[in-house]
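What follows is one structure encoded as structure tokens, with my remarks underneath.
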Ligand SMILES: [Zn+2]
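Numbering (our numbering), first residue to last: 5 to 322.
Printed below as a string of structure tokens:
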């Protein structure tokens with residue numbers, strides 16, 4: 005019986021790999037670019053080569069691998085172990101881990117990547133203190149995963165836990181990445197915050213943030229948080245718009261699930277108190293009673309979370 009687990013996190017930009025012992029002690033982590041145009045067969049070959057390379061660099065022989073877990077960017081029916089819909093890769097109605105499992109002669113499991121992010125953050129950081137956790141990753145959209153009583157919760161056929169696609173604006177809402185109007189992630193993802201700034205830039209020609217963007221020749225949300233601390237009006241106005249929607253959604257999650265903890269991931273979560281302190285105040289305004297509130301904290305693993313969670317999934321295949 006092999007002594008190691010492999011976690012694979014397949015993203016639209018990069019594929020991340022983690023190697024761990026069967027006791028879930030991290031050994032190594034790496035990533036390589038996803039060449040979507042190569043298609044499933046060639047990408048599978050690339051994954052196999054990269055796993056062998058990672059193993060040999062760490063003194064592990066391929067036949068010491070015991071199981072593989074894989075996270076995929078889309079809907080995964082975990083009971084059938086088949087994808088339903090993967091928007092970027094178009095690997096629909098299949099098990100994309102099958103070729104890896106056949107090659108290494110080991111069991112393999114697949115899951116939605118956002119769910120594995122939550123499983124990774126939970127298992128390696130928060131598991132000892134809490135049972136119920138929600139992870140929200142603010143990036144291009146909002147990735148979400150729910151842990152209930154220490155286990156991933158995806159609902160019937162794993163179609164649930166899609167918090168980013170909660171409809172929060174019923175009439176005339178912004179179009180979400182999924183093509184439908186009014187979804188939460190269209191209002192408070194990292195990309196949504198960038199868009200607020202782009203839309204209001206011309207209205208604040210003298211603001212510090214405007215000058216910083218002009219000097220740098222580009223914009224990213226870290227600039228906004230730096231200017232926010234100095235009371236810049238453009239930063240304040242766009243941030244408060246973003247914060248309002250983020251707080252509404254988080255308060256909804258607290259009212260439905262009352263988790264022990266909400267974890268925020270993605271680049272924005274590194275902003276620190278300038279984000280978390282006003283967020284807490286804004287969330288509290290929407291709750292029915294203070295007992296519904298739970299702490300909101302930054303994620304710890306970030307880019308590693310999905311591959312680490314995939315190793316936890318692999319351990320469950322044994
Ligand atoms: Zn949507």
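Every residue, glycine too, gets a C-beta built ideally from N, C-alpha and C.
| Item | Value |
| --- | --- |
| At least 3 beta-carbon pairs within less than 8 Å: the region 102-110 vs the region 138-151 | no |
| Rounded C-alpha distance that separates residue 84 from residue 149 | 20 Å |
| Per-residue DSSP class, three states only, for residue 73 | strand |
| Where the beta strand (DSSP E) containing residue 24 begins and where it ends | 18-25 |
| Three-pair Cβ contact test at 8 Å for the region 173-192 versus the region 236-250 | yes |
| Whole-angstrom distance between residue 293 and residue 155, CA atom to CA atom | 27 Å |
| Burial state of residue 277, where buried means 16 or more other Cβ atoms lie within 10 Å | exposed |
| Inside the region 99-162 only - alpha helix (DSSP H) runs reaching at least 4 residues | 102-108 and 117-125 |
| Reduced DSSP category for residue 223 - H, G, I as helix; E, B as strand; rest coil | coil |
| Any non-hydrogen atom of ligand 1 within 7 Å of residue 215 CB | no |
| Between the CA atoms of residue 172 and residue 236 - distance to the nearest angstrom | 28 Å |
| Per DSSP, the bridge partner or partners of residue 263 | For residue 263, which the question treats as bridged, DSSP gives no partner whatsoever. |
| Residue 181 beta carbon near ligand 1 (any heavy atom closer than 7 Å) | yes |
| For residue 182, the nearest candidate out of 216, 102 and 146 (CA to CA) | 146 |
| Residue 184: CB within 7 Å of a non-hydrogen atom of ligand 1 | yes |
| Near ligand 1: residue 125 beta-carbon under 7 Å from a heavy atom | no |
| Contact set for residue 98: own chain, Cβ-Cβ below 7 Å, skip 5 residues either direction | 86 and 87 |
| Contiguous alpha helix (DSSP H) assignments of at least 4 residues, all confined to the region 30-89 | 43-61 |
| Buried versus exposed call for residue 308 [16 or more other C-beta atoms within 10 Å across all chains shown] | buried |
| According to DSSP, residues forming a beta bridge with residue 185 | 179 |
| Element boundaries [beta strand (DSSP E), containing residue 194] | Unbroken run through residue 194 is the alpha helix (DSSP H), 194-204; no beta strand (DSSP E). |
| Contained alpha helix (DSSP H) runs [length at least 4] in the region 271-309, N- to C-terminal order | 277-289 |
| Helix, strand or coil at residue 9 according to DSSP, with G and I counted as helix | strand |
| For residue 173, the three-state DSSP class (helix, strand or coil) | coil |
| The region 27-42 / the region 70-79 touching (three or more Cβ pairs under 8 Å) | no |
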